[in-house]
Structures are given as C-alpha cells and as structure tokens.
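Some notes on the structure that comes next.
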Amino acid sequence: MKNKYMENERYSLVLFFTVAIVYAVIYMTKNCYSAAMVHLVNEKVLTKSQTGTINSVFYLVYAPFQIIGGIAADKYSPYKLIAIGILGAAISNLLILFVPNYYLIIIIWAFNGAIQFGIWPGVFKIVSQSLAPTHRHNAVFYISFSSTTGLIMSYVLAGIVSGWKGNFVVSAISLFVAFAVWVVLGKFLDSKMVSEDPIHHGIPHLPEIKKYENN
Numbered sequence: 002m003k004n005k006y007m008e009n010e011r012y013s014l015v016l017f018f019t020v021a022i023v024y025a026v027i028y029m030t031k032n033c034y035s036a037a038m039v040h041l042v043n044e045k046v047l048t049k050s051q052t053g054t055i056n057s058v059f060y061l062v063y064a065p066f067q068i069i070g071g072i073a074a075d076k077y078s079p080y081k082l083i084a085i086g087i088l089g090a091a092i093s094n095l096l097i098l099f100v101p102n103y104y105l106i107i108i109i110w111a112f113n114g115a116i117q118f119g120i121w122p123g124v125f126k127i128v129s130q131s132l133a134p135t136h137r138h139n140a141v142f143y144i145s146f147s148s149t150t151g152l153i154m155s156y157v158l159a160g161i162v163s164g165w166k167g168n169f170v171v172s173a174i175s176l177f178v179a180f181a182v183w184v185v186l187g188k189f190l191d192s193k194m195v196s197e198d199p200i201h202h203g204i205p206h207l208p209e210i211k212k213y214e215n216n
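So the sequence shown is numbered by the numbering used here: it starts at 2 and just counts up by one.
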C-alpha cells in the first residue's frame with residue numbers, strides 16, 4: 002500500500018490532535034470495565050472472581066490480535082482500521098447494558114478486545130508515517146500521553162457516574178461520537194494528503210549505467 006502523508010504542517014497538527022483525542026477516548030472506554038468493577042461487585046451483578054476473569058480474558062484476546070493489527074496496518078488504510086475498532090467498541094459497551102450475565106459479558110468483552118485489533122497499529126502508523134515529516138519524531142513521543150490521559154479519565158468517570166450502567170452508557174456515547182468525528186474529519190484530512198514519493202524522501206537516485214562498446 003502506497004503511503005500518503007500530510008504535507009501541510011497546519012493540517013498535520015490538526016491530524017495529530019484528532020488522533021490523540023480520539024485515542025484518549027478509546028483508551029478511556031477500554032478501561033471503563035476495570036473502573037466499573039467495584040460497582041459490578043457492590044450491586045451483586047458479578048463476583049470479584051468473575052470481574053477479574055472477564056478483565057483477563059479481554060487482554061488475553063487483545064494482545065495477540067495486535068499482531069494481526071500490525072500486519073493489517075501495512076496493507077489497509079489505518080483510518081478504516083481505527084473506525085472499525087471504534088464502532089466495535091461502542092457496540093460492545095452498549096450490549097453489556099442489556100446482558101448483565103457473566104458468560105455473555107465474557108463473550109462481549111472478548112469481542113471488544115478482538116475488534117480493537119487495528120486501533121493502536123493504525124494510530125502508530127499515522128503518527129509515524131502520515132504526519133508532516135517535521136512532526137513525526139515528536140508525535141511518536143507525545144501520543145503516549147493519550148493512553149495516560151484516557152486511563153485517568155476512566156477512573157474519574159467511574160467516580161462521577163453512579164452505578165456500572167452509567168459508566169457503560171457514557172462510554173458507548175463517547176465512542177459513537179468519536180466514531181462520527183473520526184469518519185467525517187478523517188475523510189477530510191485524508192483528502193488533503195499527498196502520495197509519498199520515495200525519490201524525494203531519502204532514497205537517492207541510482208547512478209546511471211553506461212554501456213561501453215568494444216572497439
């Protein structure tokens with residue numbers, strides 16, 4: 002897949018902050034279950050053992066699927082991979098509201114871990130390859146703050162919202178809004194990109210080969 006990047010530095014900054022904010026929201030909702038575990042136990046929806054098992058299953062599925070996401074990011078648009086992950090996560094958070102059953106929650110949260118396979122690989126590809134060349138080095142460093150921000154937001158949300166259902170409602174709404182913003186703004190920003198020409202990006206011209214005829 003031919004790489005495209007943002008030549009305009011102003012649009013490049015807009016792209017970075019869009020990715021950073023959207024990823025912070027995604028990370029917040031990915032941890033919303035961990036933050037809501039106390040409510041789930043207190044309201045006797047699940048036991049402590051069950052909440053721990055569900056959380057473990059999420060990461061057991063999430064981790065290996067990141068390998069698949071890395072492969073997919075090399076072949077497909079990172080914007081589409083991120084959009085798929087956001088929408089799948091939104092649906093997962095919404096479904097849990099209607100199925101407060103241990104075994105069904107395991108299945109839904111495992112699906113949530115799998116469907117997010119392309120989010121981080123897509124985010125990393127954008128900040129490392131799709132931004133303006135002058136922004137890429139700093140962007141790779143600063144994007145790490147999005148996960149920290151998202152984690153803090155998840156626990157703040159758990160402290161403000163009453164009950165486990167409220168936690169998932171806010172998470173689902175946040176993800177659906179993030180999905181809409183990503184699709185609309187991502188499509189606009191993608192239209193401002195140019196195809197990367199390897200000849201002008203560090204790959205030198207090959208020396209001309211001359212033919213000599215024997216006299």
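Note that CB positions come from ideal geometry on N, CA and C, so glycine has one too. Note that the structure is predicted; figures quoted are calculated from it, not measured.
query, result
"Contact check, T52 vs S172, beta carbons under 8 Å", "no"
"Meets three-Cβ-pair contact criterion under 8 Å: the region 162 to 170 and the region 94 to 103", "yes"
"Neighbourhood of H201 by C-beta, 8 Å cutoff - its chain only, sequence neighbours within 5 removed", "With a pLDDT of 44 at H201, under the threshold of 50, the modelled position of that residue is not reliable, and the figure given next carries that caveat. Once the five neighbours on either side are set aside, H201 has no close Cβ partner at all."
"M29, enclosing alpha helix (DSSP H) - first and last residue", "10 to 31"
"Separation of G119 from V73, as counted between CA atoms", "In the sequence under discussion, the amino acid at residue 73 is Ala, which differs from the Val named in the question. Whole-angstrom Cα-Cα distance: 7 Å."
"Assumed close pair G151, I27 - CB separation to whole angstroms, cut-off 8 Å", "7 Å"
"Inter-stretch contact (C-beta, 8 Å, three-pair minimum) for the region 108 to 119 and the region 54 to 74", "yes"
"Cβ-Cβ distance between P65 and K126 below 8 Å", "no"
"Span of the alpha helix (DSSP H) around V58", "49 to 76"
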